[in-house]
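Here's the structure, in structure tokens; my notes come after.
Protein chains: 2
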Amino acid sequence: MPNEVRVIGVGGMPELRPGDDLAGLMMDAAAAQGTPIEEGDVLVVTQKVISKVEGKVMSIEGVEASPLAVTITEGHRRDPRHTEMILREARRIVRMDRGVIIAETKHGFFCANAGIDASNIPGDKTIALLPDDSDASARGIRDAVLARLGVNVAVVVSDTFGRPWRNGAANVAIGVAGMDPLLDYVGSLDAYGNVLHTTQIAVADELAATAELVTGKALGIPVSIIRGYAFETLEDASIQRLLRSGERDLFR
Amino acid sequence: MPNEVRVIGVGGMPELRPGDDLAGLMMDAAAAQGTPIEEGDVLVVTQKVISKVEGKVMSIEGVEASPLAVTITEGHRRDPRHTEMILREARRIVRMDRGVIIAETKHGFFCANAGIDASNIPGDKTIALLPDDSDASARGIRDAVLARLGVNVAVVVSDTFGRPWRNGAANVAIGVAGMDPLLDYVGSLDAYGNVLHTTQIAVADELAATAELVTGKALGIPVSIIRGYAFETLEDASIQRLLRSGERDLFR
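Those sequence lines, one after another, are chains A and B.
Numbering-wise, the numbering used here puts 86 at position 62 of the first sequence, and it's gapless, one number per residue.
Numbering-wise, the numbering used here puts 129 at position 105 of the second sequence, and it's gapless, one number per residue.
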């Protein structure tokens, strides 16, 4: 039988508000469309809906832009109060040029605009910050699914990041629960008996990218189920394992 | 009906040699396992098998290492003749530190070791170079499938690249045929009527990452079929569209 993985978009979810039971609504929506969540599924949840239920969507109306935020926004389309929030979410600025701010966020991610964006939320003065702790968000969903359905799933929280050198963004993982986000082949043998010296695969990032094929950007599908992928179960999973330490990184 | 995509590994292919009819063998293997190639499939083919049939697997025994190759290999595990080939495949060195060489390849890709690797090929003095023109390789497969089966497919040639800031490699596209590798949302509206200003998604990279879930590193499955993904057909497709120009890049 061929090795096969299915990727199923979960549609029909309502508009989400702070405090909503996201896990419950996901389980309901998956069941309602005839694809209830099963043992061994990977649930990929877009950052935007996590931010919505966790109250990380905010108005910039009451924000006071610092002089730096005003200066670096001049000549660009962004509202200086939006820029101010980018600076507040950043731990460090990696590059700042041509209106683009590449920052290390306070969570440790490297991305444009410290992960803040303004798409797929209502209102043109509204922005969404990243969740405070996407691992905890993922864990909460995993625990809720186990409690209600009695099945073990892995959960990946995804976001859309740009990359150096290549046009176009791609989805990556910013939080994980129930699975090792990094598949480590170091020391194992390839099909020819050669020892694989250095190959580690960021499977959580690949799962996030896979999900994007069904969630899209304009489709309004915030969750997907990846079925048939045999992940390595890990109870104390954390996205930290995907974040390269400063001394091993050549690009900061 | 839920939005669903299937990812099917194509196994049972023979060991490949220069000049082999890769497209024909793929079609045979897919049919033999009960999942023949269909209209609208995306075929993701790993770089390694393309390099094998195109004669890009070579021995380093006859290579003469330059003084630079010898110097920069000292203290590291790599054979200086292997390093020499990395330098020959490179257009420019981006970073060189701790035994790691990040180069722009002569094809325009930014990756470790100019895309050369030594896994999944027989012999410890053997390396595989990237195909000369992976777009042409992809186009050849697309044309062969159309000629024999009468169906239109897209083809993505994938390779495994590391990234700045994040641990673990992930698959990306290095060649494409029949589809636009970049999905452009610029000017379209999100679910709330906001204009999406800057969102471009590197779907070819996401398709490559998706395929890795079934091809793996040690599985010996070099090809996968992604079925149910509605790509944007483009006859004159090229991976060049995913390669950011120097003046728009902040990390070279």
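We put the beta carbon where it would ideally sit given N, CA and C, even for glycine.
For clarity, every value in this text was computed on a predicted model and none was experimentally measured.
- Item | Contacts of D121 (chain A) in chain B (Cβ-Cβ under 9 Å) | In the first sequence, the residue the question calls residue 121 (chain A) occupies position 97. L274, listed in chain order.
- Query: With C-beta atoms as the reference, is I84 (chain B) less than 9 Å away from K149 (chain B)?
  - Reply: Taking the first residue of the second sequence as 1, we reach residue 84 (chain B) at position 60. Taking the first residue of the second sequence as 1, we reach residue 149 (chain B) at position 125. Cβ atoms of I84 (chain B) and K149 (chain B): closer than 9 Å.
- Interface residues of the stretch 81-106 of chain B facing chain A [CB-CB below 7 Å]: If you check each beta-carbon in the stretch 81-106 of chain B against every beta-carbon of chain A, none falls closer than 7 Å.
- Message: Please report whether the beta-carbon of E230 (chain A) lies at a distance below 9 Å from any beta-carbon of chain B.
- Response: Stepping through the first sequence from its first residue, residue 230 (chain A) is reached at position 206. With 9 Å as the cut-off, E230 (chain A) counts as an interface residue toward chain B.
- Out of A:G33, A:G99, A:I198, which has the shortest C-alpha to C-alpha gap to P246 (chain A)? Here residue 246 (chain A) refers to the residue found at position 222 of the first sequence. Ranking A:G33, A:G99, A:I198 by Cα distance to P246 (chain A) puts A:G33 first.
- Under the three-state reduction of DSSP, which class applies to R272 (chain B): helix, strand or coil? Stepping through the second sequence from its first residue, residue 272 (chain B) is reached at position 248. It is helical.
- List the residues that DSSP assigns as beta-bridge partners of G33 (chain B). To locate residue 33 (chain B), count along the second sequence from 1; it is residue 9. According to DSSP, G33 (chain B) bridges with B:S248.
- Give the secondary structure of M50 (chain A) by DSSP, where H, G and I count as helix, E and B as strand, and everything else as coil. In the first sequence, counting from the first residue as 1, residue 50 (chain A) sits at position 26. Three-state result, M50 (chain A): helix.
- Query: The alpha helix (DSSP H) with D167 (chain A) in it runs from where to where?
  - Reply: The residue labelled residue 167 (chain A) in the question sits at position 143 within the first sequence. Annotation for D167 (chain A): the continuous alpha helix (DSSP H) segment containing it runs 158-173.
- Query: CA-CA distance, V73 (chain B) and A114 (chain B)?
  - Reply: One-based indexing of the second sequence puts residue 73 (chain B) at position 49. One-based indexing of the second sequence puts residue 114 (chain B) at position 90. Straight-line Cα distance between these residues: approximately 21 Å.
- Nearest residue (CA-CA) to S262 (chain A), options A:G202, A:R251, A:M25, A:T95: Here residue 262 (chain A) refers to the residue found at position 238 when the first sequence is read from its first residue. Relative to S262 (chain A), the option among A:G202, A:R251, A:M25, A:T95 whose CA is nearest is A:G202.
- Message: Give me the chain E residues within the contact set of V238 (chain B), using Cβ-Cβ distance strictly less than 9 Å, ordered along the chain.
- Response: Protein chains in the displayed structure are A and B, and chain E is not among them.
- Please work out which residues of its chain come closer than 6 Å, Cβ to Cβ, to V77 (chain A), disregarding the five sequence neighbours upstream and downstream, and give them in chain order. In the first sequence, the residue the question calls residue 77 (chain A) occupies position 53. Same-chain partners within the cutoff: L40, D44, L46.
- Who are the near neighbours of E88 (chain A) in its chain, counting only those whose CB is closer than 8 Å to its CB and skipping five residues on each side? Position 64 of the first sequence, counted from the first residue, corresponds to residue 88 (chain A). Excluding its 5 nearest sequence neighbours in each direction, E88 (chain A) has C-beta neighbours in its own chain below 8 Å: R105, E108, listed in chain order.
- Identity of the residues DSSP links to V66 (chain A) by a beta bridge: The residue given as residue 66 (chain A) occupies position 42 in the first sequence. A:A178, A:I250.
- Message: Any C-beta of chain B within less than 8 Å: which residues of the stretch 169-202 of chain A qualify?
- Response: Those residues of the stretch 169-202 of chain A that come within reach of chain B (Cβ to Cβ, closer than 8 Å) are T184, R187, P188, W189, R190, N191, G192, A193, A194, N195, V196.
- Task: Verify the CB distance criterion: does I117 (chain A) have a CB-CB separation below 9 Å to chain B?
- Result: Residue numbering aside, residue 117 (chain A) sits at position 93 when the first sequence is read from its first letter. Taking 9 Å as the threshold, the shortest C-beta distance from I117 (chain A) to chain B does not fall below it.
- Task: Name, please, each residue of chain A whose Cβ falls closer than 8 Å to the Cβ of G33 (chain B).
- Result: If you number the second sequence from 1, residue 33 (chain B) lands on position 9. The contacting residues are P26, N27, E28.
- Query: In chain B, what lies closer than 8 Å to L206 (chain A) by C-beta?
  - Reply: Mapped onto the first sequence, residue 206 (chain A) falls at position 182. Within 8 Å of the CB of L206 (chain A), the CB atoms of chain B belong to N191, G192, in sequence order along the chain.
- Query: Exposed or buried, which one is M37 (chain A) when buried takes at least 16 other CB atoms within 10 Å?
  - Reply: For the purposes of this step, residue 37 (chain A) is taken as the residue at position 13 of the first sequence. That one is buried.
- Those residues which DSSP pairs with Q224 (chain B) across a bridge: Indexing the second sequence from 1 puts residue 224 (chain B) at position 200. DSSP, once it has assigned bridges, lists B:D208 as partnering Q224 (chain B).
- Cβ atoms of V177 (chain A) and R166 (chain A): under 9 Å apart, would you say? Counted from its first residue, the first sequence places residue 166 (chain A) at position 142. Counted from its first residue, the first sequence places residue 177 (chain A) at position 153. Result yes, Cβ atoms of R166 (chain A) and V177 (chain A) sit closer than 9 Å.
- Using a C-beta to C-beta distance shorter than 9 Å, which residues of chain B count as neighbours of I61 (chain A)? By 1-based counting over the first sequence, the position of residue 61 (chain A) is 37. Chain B residues near I61 (chain A): none, gap ~13 Å exceeds 9 Å.
- Message: Residues in the same chain with beta-carbon distance under 8 Å from I145 (chain B), minus the five sequence neighbours each way, listed in chain order, please.
- Response: Here residue 145 (chain B) is taken as the residue at index 121 of the second sequence, counted from 1. K72, K76, V81, I151, A152, listed in sequence order.
- Quick one: what's L153 (chain B) bridged to in DSSP? The count along the second sequence starts at 1 and reaches residue 153 (chain B) at position 129. Partner(s): none; L153 (chain B) has no beta bridge.
- Same chain only: Cβ atoms within 7 Å of T59 (chain B), ignoring 5 sequence neighbours per side: Stepping through the second sequence from its first residue, residue 59 (chain B) is reached at position 35. If we look at T59 (chain B) and ignore the five residues flanking it on each side, its Cβ neighbours are I32, I249.
- Message: Check whether the stretch 160-175 of chain B and the stretch 189-207 of chain A touch, using three or more Cβ-Cβ pairs below 8 Å as the test.
- Response: Touching, no.
- Message: I'd like to confirm the pairing. Which residues does DSSP put opposite A201 (chain A) in its beta bridges?
- Response: Numbered from its first residue, the first sequence carries residue 201 (chain A) at position 177. Looking at the DSSP assignment, A201 (chain A) forms a beta bridge with A:V179.
- Task: Tell me, please, whether the CB atom of L266 (chain A) is closer than 9 Å to any CB atom in chain B?
- Result: Locating residue 266 (chain A) in the first sequence gives position 242, where the first residue counts as 1. Cβ-Cβ to chain B under 9 Å: yes for L266 (chain A).
- Which of the three DSSP states, helix, strand or coil, is assigned to N27 (chain A)? As a working mapping, residue 27 (chain A) is identified with position 3 in the first sequence. The answer is coil: DSSP assigns N27 (chain A) none of H, G, I, E or B.
- Report the option in A:A160, A:N137, A:P155, A:M50 whose CA atom is closest to the CA atom of G79 (chain A). Within the first sequence, numbered from 1, the residue matching residue 79 (chain A) stands at position 55. Checked all of A:A160, A:N137, A:P155, A:M50; the closest Cα to G79 (chain A) is A:P155.
- Using a cut-off of 8 Å between C-beta atoms, extract the partners of T223 (chain B) located in chain A. Within the second sequence, the letter at position 199 stands for residue 223 (chain B). Counting only Cβ-Cβ distances below 8 Å, T223 (chain B) has contacts in chain A at S143, T184, A193, K241, in chain order.
- Query: What are the boundary residues of the beta strand (DSSP E) that includes E98 (chain B)?
  - Reply: For the purposes of this step, residue 98 (chain B) is identified with residue 74 of the second sequence, where counting begins at 1. Run containing E98 (chain B): none; DSSP gives neither H nor E here.
- Chain-order list of residues whose beta-carbon lies under 7 Å from that of M120 (chain B) (same chain, five-residue window excluded): For the purposes of this step, residue 120 (chain B) is taken as residue 96 along the second sequence, with counting starting at 1. Taking M120 (chain B) as the centre and dropping the five residues before and after it, the same chain places the C-beta of I96 closer than 7 Å to its C-beta, in chain order.
- Using a Cβ-Cβ cut-off of 9 Å, state whether T234 (chain B) counts as contacting chain A. By one-based count along the second sequence, residue 234 (chain B) stands at place 210. Closer than 9 Å to some Cβ of chain A, the Cβ of T234 (chain B) qualifies, so yes.
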